[in-house]
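In my numbering, the protein residues as written are 987 to 1177.
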């Protein structure tokens, strides 16, 4: 599976960080496909302010994990369904992705743009959240729209490439950066 172009997705932590919009812009300027805005306890007003702080040219590469009413205000890249928001808004026809924690469930969502399957490796952002799949299970996976999530770092990209993933999603490794300069250094490691 090596040498295939991989989709790169960043997912914001559940709790906003200082200057988060700058981190998001740096990630998108680096060429990542999407940044998922995942702030379950944020208000709609807070989420609106975050989106407004990001240049409009990047809005089509932002995906919402909630606050779907903001789709009426911004030209966003889509929505991501999860246990908190399991259904798309009525009449929504844009890009949809979904969280999955089991291979058989991921294989049922072939109509989605992609599904994130996790945890592939031990999580960085959730201590104690350990890898859920064996190498044999991942190799036998029939899902062809799965994105690896959970513990993804630059050192694990070769391992991700061994399986039929179309890309990878990163949360803890990027957003645990102590500064925008540290984030930019980490982004270079994914080249």
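Backbone N, C-alpha and C fix where the C-beta goes; we use that ideal spot for every residue, glycine too.
Bounds of the alpha helix (DSSP H) holding residue 1009 are 1006-1015.
Around the C-beta of residue 1021, 16 or more other C-beta atoms lie within 10 Å, and the residue is accordingly described as buried.
Distance from residue 1071 to residue 1101 at the Cβ level is roughly 15 Å; contact not present, criterion being Cβ atoms closer than 8 Å.
Shown here, residue 1030 sits in a helix according to DSSP, grouped into three states. Minimum Cα-Cα distance from residue 1161 among the listed residues 1003, 1052, 1148, 1103 corresponds to 1003. Distance check between residue 1135 and each of 1000, 1114, 1158 places 1158 closest, using alpha-carbon atoms only. Your pair residue 1045 and residue 1037 checks out as a contact, with CB atoms roughly 7 Å apart and the cut at 8 Å. Here DSSP, grouped into helix, strand and coil, assigns residue 1036 to helix. The beta carbons of residue 1000 and residue 1025 sit closer together than 8 Å.
Within the region 1084-1151, the runs of beta strand (DSSP E) at least 3 residues long that lie entirely inside it are, in chain order, 1100-1103, 1132-1135. Assigned with DSSP and collapsed to three states, residue 1082 falls in strand. Of the candidates 1146, 1099, 1114, 1140, 1146 places its Cα closest to the Cα of residue 1120.
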